[in-house]
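My numbering runs 251 ahead of the 1-based position in the sequence shown.
A short worksheet on the structure shown next.
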Amino acid sequence: MSGATLTIGDYQALVSAFEAEAMPAIAGADSVDALEAVRAKHLGRAHGWLRTLSARLGELDRGDRAAAGRAFNEVRVRVEDALAERQQTLAPAREGGALADPTMPARHSWAGVVHPVSQVLDEMIAIFRELGFTIALGPETESPWYNFGALNFPADHPAMDLHDTLYVSDDVLLRTHTSPVQVRTLQAYPPPIRVLIPGNVHRRDPFDASHAPAFTQVEGLVVDEGIGFADLKATLNHFARRFFGAAKTRFRPSYFPFTEPSAEMDVVCGVCNGSGCGVCKQTGWIEILGSGLVHPAVLESAGVDSERYTGWAFGMGPGRTALARHGIPDIRILYDSDVRFLGQFSR
Ligand code: PHE
């Protein structure tokens, strides 16, 4: 064929010349920098041999181009392999490739653990989920009405005092419990309702061995037709059996403005099995939650017909529960973020 300015023989000579020049240069590079210079010269995008060789393919007869291209590619692969190999010798990669010194100690790896309070929370949620509860959330800043008024607190209740509650402004406060989300949930969804409400709450407490100014609560709320105290007791006893093992429980009469009647539930102390120890303050029992039948006034302030519907609610603190479960003497340890402490709770 006519028109070709380059013969296949000439092209193969160019390819061989390239290989003959590149290979000794690669072998002779005695540092990573020197090798980089060789790479730039022979394989560089701008001026390298590779660019010249691919450009000159166009000067060949069409019929010769496939064979020429194959010759070119074979050489390119050999040169690139030689470069990679030399690179590995001059600067061994840490991963995958051969190590310079296989006796070097392995790098230590750190695995995080789920915080003990979150572990308790996760388990609580899992148990109630099996019973058909869903999760509801509400805001951490609240109006006094949701936090107190709608929950049947009398206007002069001491909990509303500046000494106990953190106010952001006259009409905004940091919620002191998760109970306002009872009202928000009742306003948003028609019964039947079965929700679990985890969240952070704030109180103007001193930070001491048994109080934290901010902590996690879990609220439960069930509202439907024909709900009574038997539902409350059966469900919470089931929870205690699942969560604490074969723990015994007891209900003590109590008082909350938003439940009537109200009861606190204790479980037998898991550390001493009821005989009395430091964790249960010698009583043999650990208080784990407050509960009661939802006060009709709460249902009414949320717009729910209290003649037709009844319900029960509870609130508990996974932090306190974590202390009891692990026999931890001081709540502040939970907030220290000390990895020596937290590392003990890997599951
Ligand atoms: N909100 C109460 C508290 O923070 C707990 C509670 C919730 C009690 C629901 C009864 C019913 O102490």
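In this text, a Cβ means the ideal position worked out from N, Cα and C, and glycines have one as well.
{"Check": "Length at least 3, wholly inside the segment 314-391: the beta strand (DSSP E) runs in chain order", "Outcome": "none"}
{"Check": "Where M252 sits in the DSSP three-state scheme", "Outcome": "Reliability of the predicted coordinates at M252 is poor, the pLDDT of 47 falling under 50, and the value obtained from them is presented with this limitation in mind. Three-state result, M252: coil."}
{"Check": "Candidates F384, S461 and N324: closest to S267 by CA position", "Outcome": "N324"}
{"Check": "Bridge partner(s) assigned by DSSP for P441", "Outcome": "Beta-bridge pairing links P441 to no other residue."}
{"Check": "Helix, strand or coil at T572 according to DSSP, with G and I counted as helix", "Outcome": "helix"}
{"Check": "For S513, the residue or residues it bridges with in DSSP", "Outcome": "S505 and G543"}
{"Check": "Segment contact, 8 Å Cβ cut-off, at least three pairs: the segment 571-591 with the segment 440-448", "Outcome": "no"}
{"Check": "Secondary structure of H462, DSSP reduced to three states", "Outcome": "strand"}
{"Check": "Cβ contact (3+ pairs, closer than 8 Å) linking the segment 556-566 and the segment 324-335", "Outcome": "no"}
{"Check": "For M567, the first and last residue of its enclosing beta strand (DSSP E)", "Outcome": "T561 to M567"}
{"Check": "Contact under 9 Å by Cβ, A264 with D312", "Outcome": "no"}
{"Check": "Coil, strand or helix - L257 by DSSP", "Outcome": "coil"}
{"Check": "Between the CA atoms of N488 and L232 - distance to the nearest angstrom", "Outcome": "Residue 232 lies beyond the residue range present for the chain, which begins at 252 and ends at 598; the question has no answer from this structure."}
{"Check": "Pick from G260, I259, D284 and L304 that is closest to F269, judged by C-alpha positions", "Outcome": "L304"}
{"Check": "T427: CB within 8 Å of a non-hydrogen atom of ligand 1", "Outcome": "yes"}
{"Check": "Extent of the continuous beta strand (DSSP E) to which Y418 belongs", "Outcome": "Y418 to S420"}
{"Check": "F399 Cβ short of 8 Å to ligand 1 heavy atom set", "Outcome": "no"}
{"Check": "Whole-number beta carbon distance between H453 and L413, since they are thought to touch under 8 Å", "Outcome": "Actually they do not touch by this definition, with Cβ atoms about 13 Å apart."}
{"Check": "Short Cβ contact (9 Å threshold) for V289 with A276", "Outcome": "yes"}
{"Check": "Length of the line joining the Cα atoms of A319 and A273", "Outcome": "19 Å"}
{"Check": "Own chain partners of P547 with C-beta closer than 7 Å, once the 5 adjacent residues on each side are dropped", "Outcome": "S557"}
{"Check": "F399 burial status per 10 Å Cβ neighbour count (16 or more: buried)", "Outcome": "buried"}
{"Check": "Bridge-paired residues (DSSP) for P449", "Outcome": "V469"}
{"Check": "Segment contact flag, the segment 479-486 with the segment 453-468, C-beta cutoff 8 Å, min 3 pairs", "Outcome": "no"}
{"Check": "Three-way DSSP call (helix, strand, coil) for L585 in this model", "Outcome": "helix"}
{"Check": "Spatial neighbours of F596 in its chain, beta-carbon cut-off 6 Å, leaving aside the 5 residues before and after", "Outcome": "V364 and P367"}
{"Check": "Short Cβ contact (9 Å threshold) for V432 with L388", "Outcome": "yes"}
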